[in-house]
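See below for the structure under consideration.
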Amino acid sequence: MNIFRLAGDMTHLASVLVLLLKIHTIKSCAGISLKTQELYALVFATRYLDIFTDFISLYNTTMKLIFLGSSFSIVWYIRNHKIVSRSYDKSQDTFRHYFLIIPCLLLALLVNEKFTFKEVMWAFSIYLEAVAILPQLVLLQRTRNIDNLTGQYVFLLGAYRALYILNWIYRYFTETHYVHWITWVSGLVQTLLYADFFYYYFESWKNNKKLQLPA
Amino acid sequence: GTKSSPKDEL
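Keeping their order, the protein sequence lines are chains A and B.
Each residue of the first sequence is one higher than the last, beginning at 1 in our numbering.
Each residue of the second sequence is one higher than the last, beginning at 216 in our numbering.
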């Protein structure tokens, strides 16, 4: 575990906490894409199939349980909570799941580390995570007033991905035989998707203005 | 790919 990896995981954890804070305390999910949250729940459910079979560390297992639990509870809150669900605007969140899920599944069947159920599901989760933010980014473009917590949530998610790239660079130079093309290419694509958002996020921060993405 | 590796990242 290096500092970039730890910082990346902590940033990821912070993003989840920011979203839970918004949902629990403010009882609102305005500006949050349920589509993206459902895709993340699917990402974790398919990636962590090894949770009971391969023990890596207590840290690893604990984080997996946190990400699984939080992603499914966020979906539950947006769909079923009496007050929270009222702030969800379905008409704006129109991205189709299968438009992302099917290509990722096909790619996972073709490009994987080993052709077994667990490995294909793992590759699928990596590909799906790379694009899962798209419904959220589309929703942000449609939202006129992006509140601070939503902006911070997406910023933290992007920062987590950027830190993972630094982690891979560090590991490549410090560990022998550390080569992971599937995670590297997908991770790079995933981080690039945030480039546009980052640009406007820093602009709004620099000029002390409300965040707004051009349509 | 030829072999699968242990997944120590999240």
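We put the beta carbon where it would ideally sit given N, CA and C, even for glycine.
In the region 50–81 of chain A, which residues sit with their C-beta less than 9 Å from some C-beta in chain B, listed in chain order?
Contact residues of the region 50–81 of chain A toward chain B are Asp50, Asp54, Ile56, Ser57, Asn60, Met63, Lys64 and Phe67 (C-beta to C-beta distance below 9 Å).
Other residues of its chain near Tyr172(A): CB distance less than 6 Å, five sequence neighbours each side excluded
Here the set comprises Tyr178.
When burial is assigned at 16 or more other CB atoms within 10 Å of the CB, is Gly69(A) buried or exposed?
With fewer than 16 other Cβ atoms within 10 Å, it is exposed.
For Trp122(A), return the contacting residues in chain B, with the cut-off set at a CB-CB distance below 7 Å.
Those are Lys222, listed as they occur along chain B.
Contacts around Lys118(A), its chain only, beta-carbon distance under 6 Å, and the 5 residues preceding and following it disregarded:
The answer, listed in chain order, is Leu49.
Would you list, in chain order, the members of the region 86–108 of chain A that have their beta-carbon closer than 7 Å to a beta-carbon of chain D?
Protein chains in the displayed structure are A and B, and chain D is not among them.
Simplified DSSP state of Thr217(B), which is helix, strand or coil:
A caution first: Thr217(B) carries a pLDDT of 42, below 50, which makes its placement in the model unreliable, though a value can still be read off. Of the three classes helix, strand and coil, the one that applies to Thr217(B) here is coil, per DSSP.
Buried or exposed, going by whether 16 or more other CB atoms sit within 10 Å of the CB of Ala130(A)?
The residue in question, Ala130(A), is buried, as its Cβ has 16 or more Cβ neighbours within 10 Å.
Buried/exposed call for Asn60(A), threshold 16 Cβ in 10 Å:
Buried.
I think Leu166(A) touches Ile133(A), with their Cβ atoms under 8 Å apart; what is that distance to the nearest whole Å?
In this structure Leu166(A) does not touch Ile133(A) by the C-beta definition: roughly 19 Å separates them, more than the 8 Å allowed.
Residue range of the alpha helix (DSSP H) that Ile101(A) falls in?
Start and end: Tyr98 to Leu110.
Hey, how far is the Cα of Val154(A) from the Cα of Met121(A)?
One C-alpha to the other measures close to 25 Å.
Give the DSSP-derived three-state secondary structure of Val179(A) in the structure shown.
It is coil, neither helix nor strand.
Cβ pair count under 8 Å reaching 3, the region 34–51 of chain A against the region 189–204 of chain A:
Counting Cβ pairs under 8 Å, fewer than three are found: no touch.
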